[in-house]
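Just so you know, we're using the working numbering here: the sequence shown kicks off at 1 and counts up by one. Even for Gly, the Cβ is constructed at its ideal location relative to N, Cα and C. From a predicted model like this one, the values you see are computed outputs, not experimental measurements.
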Amino acid sequence: MFAGNSKKFWVFRLSCGSSDRGSHFTALFECIVIDWLREANQSAVGRQLQLSWHEVDGIMSRAVARGLARREKISPTRIGVDETSLQKRHEYVTVVTNIDNSRVIAVMDGRTEESLGSFLGAMDEPRRSAIKVAAMDMWPAYINAVSRHLPNAKIAFDRFHITKHLGDAVNAVRKEEHRKLLAEGDATLTKTKYVWLQKPSRMKRARRLLSQLIY
């Protein structure tokens, strides 16, 4: 800073609210970047804000670390285990949630037994013992991981997959019975696939067809 027309100047050091130690961005700027990351990926945000991918990744990593540090250490009694793919590239991750408060507990790369096992195995015994129910689909890797690390927890399969398996079983029986009836010249079950897969409240036609076959 210059003083008037003189050649004297002074240097002042001002606090600018740096986000974390090791970061050369202000806390406000990092908050702006995090808001952008809610709408676009790291590369796109970097292009818009003239940041490198590693700078954006560092901001995101610090935000995650702050969130984890503030997270309340609780022992969930019911957890949900599911898989999801990243940006339609079939790069799967395993997501564990606390069903009681609908919060994500952990995210692991892959959808293998080791993926889920690495998280469950890292928990201390009191926290593992507190888990009474693990809800999931019928993916064998998840079943094995929970059975190995949470032997006392009950496994609850989600209704969607149970319904699908029941529907597949009903359809398999329909096809076999249809084949037998056609051999006898009976076409009662022709074009009735979806009749048998409806909700019970909508199965009036199915009951009528069944009564024809029985009587």
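Practice prompt. Using the Cα positions of Asn152 and Met138, report the straight-line distance between them to the nearest angstrom.
Written response: Looking up residue 152 in the sequence shown gives position 152. Looking up residue 138 in the sequence shown gives position 138. C-alpha separation (whole angstroms): 18 Å.
Discussion item. Only counting the same chain, and skipping five residues up and downstream in sequence, which positions put a Cβ closer than 8 Å to that of Gln42?
Written reply: Position 42 of the sequence shown, counting from 1, holds the residue named residue 42. So the list reads Trp53, Val56, Asp57, Met60, once near-sequence residues are dropped.
Worksheet item: To the nearest whole angstrom, what separates the beta carbons of Tyr92 and Gly121, a pair I think is in contact under 8 Å?
Response: Numbered from its first residue, the sequence shown carries residue 92 at position 92. Numbered from its first residue, the sequence shown carries residue 121 at position 121. So it is not a contact: roughly 20 Å between Cβ atoms.
Worksheet item: With a cut-off of 8 Å, do at least 3 Cβ pairs link the stretch 178 to 186 to the stretch 160 to 167?
Response: Result no; under three Cβ-Cβ pairs closer than 8 Å.
Worksheet entry | Cut-off 8 Å between Cβ atoms - residues of its own chain near Gly46, not counting five sequence neighbours on either side | Walking along the sequence shown from the start, residue 46 turns up at place 46. So the qualifying residues of the chain are Ser52, Trp53, Glu55, Val56.
Worksheet item: Anyone know if the C-beta pair for Ala63 and Ile34 falls short of 7 Å?
Response: Locating residue 63 in the sequence shown gives position 63, where the first residue counts as 1. Locating residue 34 in the sequence shown gives position 34, where the first residue counts as 1. Yes, Cβ-Cβ distance for Ala63 and Ile34 is below 7 Å.
Worksheet item: In chain order, what residues of the same chain have a beta carbon less than 8 Å from the beta carbon of Val195, not counting five sequence neighbours either side?
Response: Residue 195 sits at position 195 when you count from the first residue of the sequence shown. Excluding positions up to five away in sequence, the list reads Met203, Arg205, Ala206, Leu209.
Fill in: Minimum C-alpha distance to Lys175 - residue among Phe160, Lys193, Arg159, Pro126
Indexing the sequence shown from 1 puts residue 175 at position 175. Considering only alpha carbons, the answer is Lys193.
Discussion item. What would DSSP say about Arg38, mapped onto helix, strand or coil?
Written reply: As a first step, residue 38 is located in the sequence shown; it is residue number 38 there, counting from the start. Coil.
Worksheet item: What residues are listed by DSSP as bridge partners for Tyr92?
Response: Taking the first residue of the sequence shown as 1, we reach residue 92 at position 92. Partner(s): Ser85.
Discussion item. Rounded to whole angstroms, what is the Cα-Cα separation between Leu182 and Lys191?
Written reply: As a first step, residue 182 must be located in the sequence shown, where it is residue number 182. As a first step, residue 191 must be located in the sequence shown, where it is residue number 191. Spanning the alpha carbons of Leu182 and Lys191 requires a straight line of approximately 12 Å.
Worksheet item: When you compare only the Cα positions, how much space is there between Ala44 and Val95?
Response: One-based indexing of the sequence shown puts residue 44 at position 44. One-based indexing of the sequence shown puts residue 95 at position 95. Cα to Cα, the separation comes out at about 25 Å.
Fill in: Exposure label - Thr97; buried when at least 16 CB within 10 Å
Here residue 97 corresponds to residue number 97 of the sequence shown, with the count starting at 1. Around the beta carbon of Thr97, 16 or more other beta carbons lie within 10 angstroms, which makes this residue buried.
Fill in: Arg70 versus Met123, Ile105, Ser23, residue with shortest Cα-Cα distance
On the sequence shown, position 70 is the one that residue 70 refers to. It is Ile105.
Worksheet item: Within the present structure, is the beta-carbon of Gly167 separated from the nearest heavy atom of the ligand GTP by less than 6 Å?
Response: You won't find the ligand GTP in this model; it holds no ligand whatsoever.
Worksheet item: Between the beta-carbon of Asn144 and the beta-carbon of Glu114, is there less than 7 Å?
Response: Locating residue 144 in the sequence shown gives position 144, where the first residue counts as 1. Locating residue 114 in the sequence shown gives position 114, where the first residue counts as 1. Their beta carbons are not under 7 Å apart, which means Asn144 does not touch Glu114 by this criterion.
Worksheet item: Assuming Ala134 and Ile79 make a contact with CB atoms under 8 Å, what is their CB distance in whole Å?
Response: Position 134 of the sequence shown, counted from the first residue, corresponds to residue 134. Position 79 of the sequence shown, counted from the first residue, corresponds to residue 79. Right, the Cβ-Cβ distance comes to about 5 Å (below 8 Å), so this counts as a contact.
Practice prompt. Can you grab the Cα-Cα spacing for the pair Ile155 / Asp168, in whole Å?
Written response: Translated into the one-based positions of the sequence shown, residue 155 becomes position 155. Translated into the one-based positions of the sequence shown, residue 168 becomes position 168. Rounded to the nearest whole angstrom, the C-alpha separation of Ile155 and Asp168 is 22 Å.
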